[in-house]
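Just below is one structure, and these are the notes that go with it.
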Amino acid sequence: MTAARRRHPAHKGAPQAGACSAALARAAWRLVRAAVPALLLVGLWELAVQLWRIPPYLLPSPGRIGQELYLRHGLLAAHAAVTAGEVLAGFAVGSAAGFALALALDGWPALRRALVPWLVGSQAVPVFAVAPLLVLWFGYGLASKVAMASVITFFPVTVAALEGLRPDPDALRLMVALGASRGQILRHLKLPGAMPSVFAGLKVAASVSTIAAVIGEWVGARAGLGYLMTQANAQLRVSLVFASLVWLTGMGLALYGLVELAQRLWERRR
Amino acid sequence: MQVGSHSPPLPAPQPSCLELCGIRKGFGRFVVLDGISLTVRAGEVVAVVGPSGCGKSTLLDIVAGVTPADAGQLLWNGQPVPHLRGRVAYMQQRDLLLPWRSALHNALLGAQVRRRLHQALQEAPALFQQLGLAGFEHALPRELSGGMRQRVALARTVLAGGELWLLDEPFASVDALTRLELYHLLHKLWQGQPALLVTHDVREARRLAHRILVFSRPPTRVLAELTPREAREAVVLRLLAQRGGEL
Numbered sequence: 039m040t041a042a043r044r045r046h047p048a049h050k051g052a053p054q055a056g057a058c059s060a061a062l063a064r065a066a067w068r069l070v071r072a073a074v075p076a077l078l079l080v081g082l083w084e085l086a087v088q089l090w091r092i093p094p095y096l097l098p099s100p101g102r103i104g105q106e107l108y109l110r111h112g113l114l115a116a117h118a119a120v121t122a123g124e125v126l127a128g129f130a131v132g133s134a135a136g137f138a139l140a141l142a143l144d145g146w147p148a149l150r151r152a153l154v155p156w157l158v159g160s161q162a163v164p165v166f167a168v169a170p171l172l173v174l175w176f177g178y179g180l181a182s183k184v185a186m187a188s189v190i191t192f193f194p195v196t197v198a199a200l201e202g203l204r205p206d207p208d209a210l211r212l213m214v215a216l217g218a219s220r221g222q223i224l225r226h227l228k229l230p231g232a233m234p235s236v237f238a239g240l241k242v243a244a245s246v247s248t249i250a251a252v253i254g255e256w257v258g259a260r261a262g263l264g265y266l267m268t269q270a271n272a273q274l275r276v277s278l279v280f281a282s283l284v285w286l287t288g289m290g291l292a293l294y295g296l297v298e299l300a301q302r303l304w305e306r307r308r
Numbered sequence: 028m029q030v031g032s033h034s035p036p037l038p039a040p041q042p043s044c045l046e047l048c049g050i051r052k053g054f055g056r057f058v059v060l061d062g063i064s065l066t067v068r069a070g071e072v073v074a075v076v077g078p079s080g081c082g083k084s085t086l087l088d089i090v091a092g093v094t095p096a097d098a099g100q101l102l103w104n105g106q107p108v109p110h111l112r113g114r115v116a117y118m119q120q121r122d123l124l125l126p127w128r129s130a131l132h133n134a135l136l137g138a139q140v141r142r143r144l145h146q147a148l149q150e151a152p153a154l155f156q157q158l159g160l161a162g163f164e165h166a167l168p169r170e171l172s173g174g175m176r177q178r179v180a181l182a183r184t185v186l187a188g189g190e191l192w193l194l195d196e197p198f199a200s201v202d203a204l205t206r207l208e209l210y211h212l213l214h215k216l217w218q219g220q221p222a223l224l225v226t227h228d229v230r231e232a233r234r235l236a237h238r239i240l241v242f243s244r245p246p247t248r249v250l251a252e253l254t255p256r257e258a259r260e261a262v263v264l265r266l267l268a269q270r271g272g273e274l
């Protein structure tokens, strides 16, 4: 009990002086630790390009990519805005549809038995094979890329939510004995219990949604980072391809960070 | 519930609250409960002891409406009912506290489900005080010790306001000292609700129950009905040995 008392917020006492600066120092140290390997890699890359005189149309140096990022920031930002719109819309539609389907599958076991094998089987179809069809059906605009991103984000969210909605059997026994309705079981037991799993699925979806949008743009588009990459590649402007990749990476990380933030806010709220 | 001595016999014969008549339950071809009949009278605690896998918990699940019986009848105050779902307070071996809920919110779960939250909220502070949980209302389960978690589970059982208490080895997961403390608390909080207690521990049954039923190995039948004074460990073990069971 003593340990519990020590841990309990009611017994923590006033915040200690310097706690805030200590937290800042820890965060800064974490950032440095994360940056060191990346900086080391970039340094080695630069060294290798200079040392072996690798031509820029094969592998541009980090410096050259940085230059491209700076000089073409307007062009890159305009195309990134298009891709970001596709990614966000696709992520939102795919995640919402995946979560809704998971709820339906959890609520109706017969539906679950009928659909889950098809759902799993659908993942055997390569995304590249679907992309031309989506462009054919939805055109060269935003719709086909949103559809593409939705298709790819849908599965991880569905599977994660479905797994998360499976409650502890003993807790379910307790709820049933208490006389809880299906709605109460969902609200008090299943949904809160599923959230960590749902957030894990959303993180996977956030990571892959940029891939889906770019594939969609490769197949047929008039704008977007994927489109820019195909154009730049055709003109052997490999540094612009790499600059686009940097933007895409940033976009993926930002979306992942947003999901992480949402999870923290949810955890704090409960 | 008397702590530290055998439970006293009931002062006068009470009417039956719960009657189970010929309850049968099997899983596939494996028969677990083979015609169990028992009664629990008003204000009485009946303990069920028996070997592992004899269907003690299944019997509680049938009463609670978690799982249906294959055959048999359940009577509540003389009226046949399919089960007592929504009318029981169920305490299991695991505390089953929901990790995202505070101690208070966990304790209020049953009351919330049964829409008696207002009443439970008024009862909760005194109950937390009695259980030594005052000041821990907002603590999350991970911030509590095992004994404290089990006390929150006990608070949830009390605040659920069930007409019948179903206790499924409620103190099996805690250490001996905590168990003694919980016996004491249960004794303090028990207000004469009829209760069905399932346990492996004959001493626990003798300490808490007015009557003790000894179950056989599956297909399970009631081997004997004993008073706490009669239910010495050796007697129960001899009964089980005659039917090839072990506690």
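Residue numbers (this note's numbering), protein chains in the order written: chain A, 39 to 308; chain B, 28 to 274. Glycine is no exception: its CB is placed at the ideal position from the N, C-alpha and C atoms.
| Asked | Found |
| --- | --- |
| Give the range of the beta strand (DSSP E) segment to which residue 228(A) is assigned. | First-last for residue 228(A): undefined, no H or E at that position. |
| Which partner residues does residue 66(B) have in the DSSP bridge list? | 46(B) |
| Among 97(A), 58(A), 139(A), whose alpha-carbon lies nearest the alpha-carbon of residue 322(A)? | Examination of residue 322(A) is not possible in this model, given that chain A is present from 39 through 308 alone. |
| When the Cα atoms are used, what is the spatial distance from residue 242(A) to residue 287(A)? | 14 Å |
| For residue 266(B) and residue 161(B), what's the separation of their Cα atoms in angstroms? | 45 Å |
| So, is residue 264(A) buried or exposed, given that buried needs 16 or more other C-beta atoms within 10 angstroms? | buried |
| Determine the direct distance from the alpha carbon of residue 182(A) to that of residue 176(A), and round the result to whole angstroms. | 5 Å |
| According to DSSP, what are the bridge partners of residue 107(B)? | 102(B) |
| Please confirm if the region 109-123 of chain B is in contact with the region 191-200 of chain A, defined as three or more CB-CB distances below 8 Å between the two stretches. | no |
| If you measure beta-carbon to beta-carbon, which residues of the region 66-81 of chain A are closer than 8 Å to chain B? | none |
| In terms of residue numbering, what span does the alpha helix (DSSP H) encompassing residue 178(A) cover? | Counting along the chain, residue 178(A) falls outside any alpha helix (DSSP H), and DSSP gives it neither H nor E. |
| For residue 242(B) versus residue 58(B), is the C-beta spacing smaller than 8 Å? | no |
| Hey, is residue 220(B)'s beta-carbon within less than 8 Å of any beta-carbon in chain A? | no |
| According to the neighbour-count rule (16 or more other Cβ atoms, all chains shown, within 10 Å of its Cβ), is residue 146(A) buried or exposed? | exposed |
| Just verifying my parser: in three-state terms, what is the DSSP assignment at residue 26(A)? | No statement about residue 26(A) is possible, as the shown extent of chain A runs from 39 to 308 and does not include it. |
| Whose CA, out of 193(B), 45(B), 78(B), lies closest to the CA of residue 105(B)? | 45(B) |
| Return the residues of the region 62-85 of chain B that lie within a Cβ-Cβ distance of less than 8 Å from chain A, sorted by chain order. | none |
| How long is the line joining the alpha carbons of residue 238(B) and residue 254(B), rounded to whole angstroms? | 5 Å |
| Would you say residue 192(B) lies against chain A (beta-carbon separation less than 8 Å)? | no |
| Give the interface partners of residue 126(A) over in chain B, defined as CB-CB distance under 9 Å, in chain order. | Those within 9 Å of residue 126(A) in chain B number zero; the least Cβ separation is about 28 Å. |
| Using a Cβ-Cβ cutoff of less than 6 Å, which residues in the same chain neighbour residue 197(B) once the five nearest sequence positions on both sides are dropped? | 118 |
| Using the beta-carbon count (16 or more within 10 Å), is residue 165(B) buried or exposed? | exposed |
| Would DSSP call residue 112(B) helix, strand or coil? | coil |
| With H, G and I counted as helix, E and B as strand and the rest as coil, what does DSSP make of residue 256(A)? | helix |
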